[in-house]
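Asker:
Chains as they are written, first to last, in the numbering used here: chain A, 1 to 220; chain B, 1 to 191; chain C, 1 to 177.
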């Protein structure tokens, strides 16, 4: 697998959220604006890249690997939790408002299955550089996925696109044109489940379509 | 007393752990397919959340606050939860094989269930007293079990329904959760 | 047994390394976090036009009339210390909350209405546009107070705020009356 393939596989083919349905809690909870999604994505990116790097570093040397392997689960937990605490403290110090909105979901990155899954399934038996590329790809793919959810929820729910702070696109004229209010339901928990459900259904529909085409071509 | 009832009501209905706080969604979608497994998971979560809340609350207030190492709470809590789950598993295995058969497969999944860590963190963030913490730690998993059971009943029926091909599996489970969330969002007006 | 010991040792070493790393980060970020919290907590005070970075702030709630007293101790000894009082009275509706800053000589430095429920068009307009001319007044003398005609209930409520602060300030700073 080339470096490029390794990097981009997390975007679509192995997208952790849309294909493997991992990391759903934050994807539902904090996707009220794109700003939140970006903040969450950056936090996940940092943790995933460094956890992959550290895990592959300590499992690379056969001697250390032998020492770590019997207790690798607690070792991974300590490593990931330390990284998360660092993100938590830095974010609280420099982005206090964003930290407030993301709330408990920043410390909960510890139990995000994506981080642990990549450490166990990939970083444990790959070289450091490969693991970093893999982690970055997976995290960016995940960020893209939660940004799509946020985009739908924010546009329909509030009529805005908040990219960062005051960088904001106002689309309320769209609702004025239609003569309706923004659909508040999209910002409620209902909207979160609905949006994710319909996105997953759309993806399944596309995949089914491809499969049908493939089988038809084979039968020809 | 009224305050404790308010906490219990809010934790069970208004801020339902699954439908409003979005904690423990993976287990909700994955395990909430059958009534029996939803109850098993619910019971396991119930036991772990209560024990983990008491232990983490005590460690935080009696060890971490005096030592001024509150910033380590995330890492300490997750280790406590992991150790606790391991311990419960060993104890149940030794003393009650039948219970182990019922709960055993759910226990390892609980370490990574965000509801447990979420409740432990909320307890200290809200600065709950001991009594408040206990009430909260009991109400949250009860709400979890309640919603999961209802959800499992409907999903068992769904197995026999004609569902569009694209919606089979997780998508329809999400739409169903959305409808339940719509019902639960109405409890917000009562608080 | 030996296996268990080495495993324990590995975890211990890892724990120590992570603990040290986290303490370093905490050492760097903790002061900033504290500053953020202070800024947020005392956001209303900075609206008074007082440069908060010059002072160390402590707060206490003491009497039934005054909600909170913020004591601003200057970092440089030459500056005078300031007390900011948060008081709540009732105008047309309950919950008219004011912040009044008083220096050591009981001179009013600044004041503002933080929140109120007064009627739009009457009390609300007065609060938003009218200057009560109290800056520079030496409490408990409130003769400088300029009420606005037609909204006497709201103005009385604001004057009452100053009177309550006057009583407390006399207690706090000592007075010659």
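For every residue, glycine included, the Cβ atom is placed at its ideal position computed from N, Cα and C. Keep in mind that this is a model prediction, so the values were computed, not measured.
Is the CB-CB distance between residue 155 (chain A) and residue 161 (chain A) below 8 Å?
Answerer: Cβ distance < 8 Å, so residue 155 (chain A) and residue 161 (chain A) count as in contact.
Asker: In the DSSP assignment, what residue or residues form a beta bridge with residue 55 (chain C)?
Answerer: Answer is C:74, bridged to residue 55 (chain C).
Asker: With DSSP as the reference, label residue 42 (chain C) as helix, strand or coil.
Answerer: Three-state result, residue 42 (chain C): coil.
Asker: Pairing CB atoms from the region 11-25 of chain B with CB atoms from the region 137-149 of chain B, are three or more of them under 8 Å?
Answerer: Yes, they touch.
Asker: Taking just the CA atoms, how far does residue 169 (chain C) sit from residue 177 (chain C)?
Answerer: Note that residue 177 (chain C) has pLDDT 44, beneath the 50 cutoff, so the model's placement of it is unreliable and the number below is only indicative. Going by the C-alpha atoms only, they are around 12 Å apart.
Asker: Does the beta carbon of residue 26 (chain C) sit closer than 8 Å to a beta carbon anywhere in chain B?
Answerer: Cβ-Cβ to chain B under 8 Å: yes for residue 26 (chain C).
Asker: Whole alpha helix (DSSP H) runs in the region 17-47 of chain A with 4 or more residues, listed along the chain?
Answerer: DSSP runs (the alpha helix (DSSP H)) wholly in the region 17-47 of chain A: 24-29.
Asker: So, with DSSP's three-state summary, where would you put residue 96 (chain C)?
Answerer: Strand, per DSSP.
Asker: Look up residue 103 (chain C) in the DSSP assignment and say whether it is helix, strand or coil.
Answerer: The answer is strand: DSSP assigns residue 103 (chain C) an E or B state.
Asker: I want to see whether chain A comes within less than 8 Å of residue 185 (chain B), judged by CB atoms only; does it?
Answerer: Chain A contact via Cβ: present.
Asker: Grouping DSSP H, G and I as helix and E and B as strand, with all else coil, what is residue 114 (chain C)?
Answerer: Strand.
Asker: Which first and last residues belong to the alpha helix (DSSP H) in which residue 141 (chain C) is found?
Answerer: Looking at the DSSP string, residue 141 (chain C) is not in any alpha helix (DSSP H), and its letter there is neither H nor E.
Asker: With DSSP run on the structure shown, which of helix, strand or coil describes residue 163 (chain B)?
Answerer: Residue 163 (chain B) falls in the coil class under three-state DSSP.
Asker: On a CA-only basis, which of A:133, A:219 and A:22 is nearest residue 3 (chain A)? Give me that one, please.
Answerer: Of the candidates A:133, A:219 and A:22, the one whose C-alpha sits nearest the C-alpha of residue 3 (chain A) is A:133.
Asker: If we define contact as Cβ-Cβ less than 8 Å, is residue 123 (chain A) a contact residue for chain B?
Answerer: With 8 Å as the cut-off, residue 123 (chain A) does not count as an interface residue toward chain B.
Asker: Mind checking residue 27 (chain C): buried by the 16 CB within 10 Å criterion, or exposed?
Answerer: Its Cβ having fewer than 16 others within 10 Å, residue 27 (chain C) is exposed.
Asker: Can you check the region 98-141 of chain A for any alpha helix (DSSP H) of at least 4 residues that lies completely inside it and give the ranges in chain order?
Answerer: Counting only runs of 4 or more, we get 113-121.
Asker: Kindly indicate which three-state DSSP category residue 85 (chain C) falls into: helix, strand or coil?
Answerer: Strand at residue 85 (chain C).
Asker: Please report the distance separating the alpha-carbon of residue 113 (chain A) from that of residue 172 (chain A).
Answerer: So the two alpha carbons sit approximately 37 Å from each other.
Asker: Would residue 22 (chain B) pass as a contact of residue 28 (chain A) if the rule is Cβ separation under 8 Å?
Answerer: In contact: residue 22 (chain B) and residue 28 (chain A) (Cβ atoms closer than 8 Å).
Asker: With DSSP run on the structure shown, which of helix, strand or coil describes residue 216 (chain A)?
Answerer: Looking at residue 216 (chain A) - three-state DSSP - the assignment turns out to be helix.
Asker: Look at residue 166 (chain B) and residue 155 (chain B) and say whether their C-beta atoms are less than 8 Å apart.
Answerer: Contact: no.
Asker: What are the start and end residues of the beta strand (DSSP E) that includes residue 161 (chain A)?
Answerer: Taken as a continuous stretch (DSSP letters only), the beta strand (DSSP E) holding residue 161 (chain A) covers 160-164.
Asker: When you compare only the Cα positions, how much space is there between residue 54 (chain C) and residue 19 (chain A)?
Answerer: The alpha-carbon atoms of residue 54 (chain C) and residue 19 (chain A) are separated by roughly 55 Å.
Asker: Output needed for residue 117 (chain B): all residues of its chain with C-beta closer than 7 Å, excluding positions within five of it in sequence on either side, in chain order.
Answerer: Contacts found: 77, 78 and 81.
Asker: Using 10 angstroms around the beta-carbon of residue 153 (chain A), count the other beta-carbons present and answer buried if the total reaches 16, otherwise exposed.
Answerer: Answer is buried; the Cβ neighbour count reaches 16.
Asker: Whole angstroms are fine: how far does the CA of residue 151 (chain B) sit from the CA of residue 163 (chain B)?
Answerer: Answer to the nearest angstrom: the Cα atoms are 17 Å apart.
Asker: Are residue 32 (chain B) and residue 38 (chain B) close, meaning C-beta to C-beta below 8 Å?
Answerer: Taking 8 Å as the Cβ cut-off, residue 32 (chain B) and residue 38 (chain B) qualify as a contacting pair.
Asker: At which residues does the alpha helix (DSSP H) containing residue 172 (chain C) begin and terminate?
Answerer: Looking at the DSSP string, the run of the alpha helix (DSSP H) that includes residue 172 (chain C) is 152-173.
Asker: My parser needs the alpha helix (DSSP H) runs of 4 or more residues fully inside the region 146-194 of chain A; what are they?
Answerer: Here the runs fully enclosed are 172-178.
Asker: With burial defined as no fewer than 16 other Cβ atoms inside 10 Å of the residue's Cβ, what is the status of residue 12 (chain C): buried or exposed?
Answerer: Result: exposed.
Asker: Please report the distance separating the alpha-carbon of residue 159 (chain C) from that of residue 60 (chain C).
Answerer: Cα to Cα, the separation comes out at about 23 Å.
Asker: Using a C-beta to C-beta distance shorter than 8 Å, which residues of chain A count as neighbours of residue 10 (chain C)?
Answerer: Simply 67, 68, 71 and 75.
Asker: Are there 16 or more other CB atoms within 10 angstroms of the CB of residue 35 (chain C), so buried, or fewer, so exposed?
Answerer: By the neighbour-count rule (16 or more Cβ atoms within 10 Å), residue 35 (chain C) is not buried but exposed.
Asker: Let me know the secondary structure DSSP gives residue 47 (chain C) once reduced to three states.
Answerer: If DSSP states are grouped into helix, strand and coil, residue 47 (chain C) belongs with coil.
Asker: Who are the near neighbours of residue 127 (chain A) in its chain, counting only those whose CB is closer than 8 Å to its CB and skipping five residues on each side?
Answerer: Result list for residue 127 (chain A): 56 and 60, in chain order.
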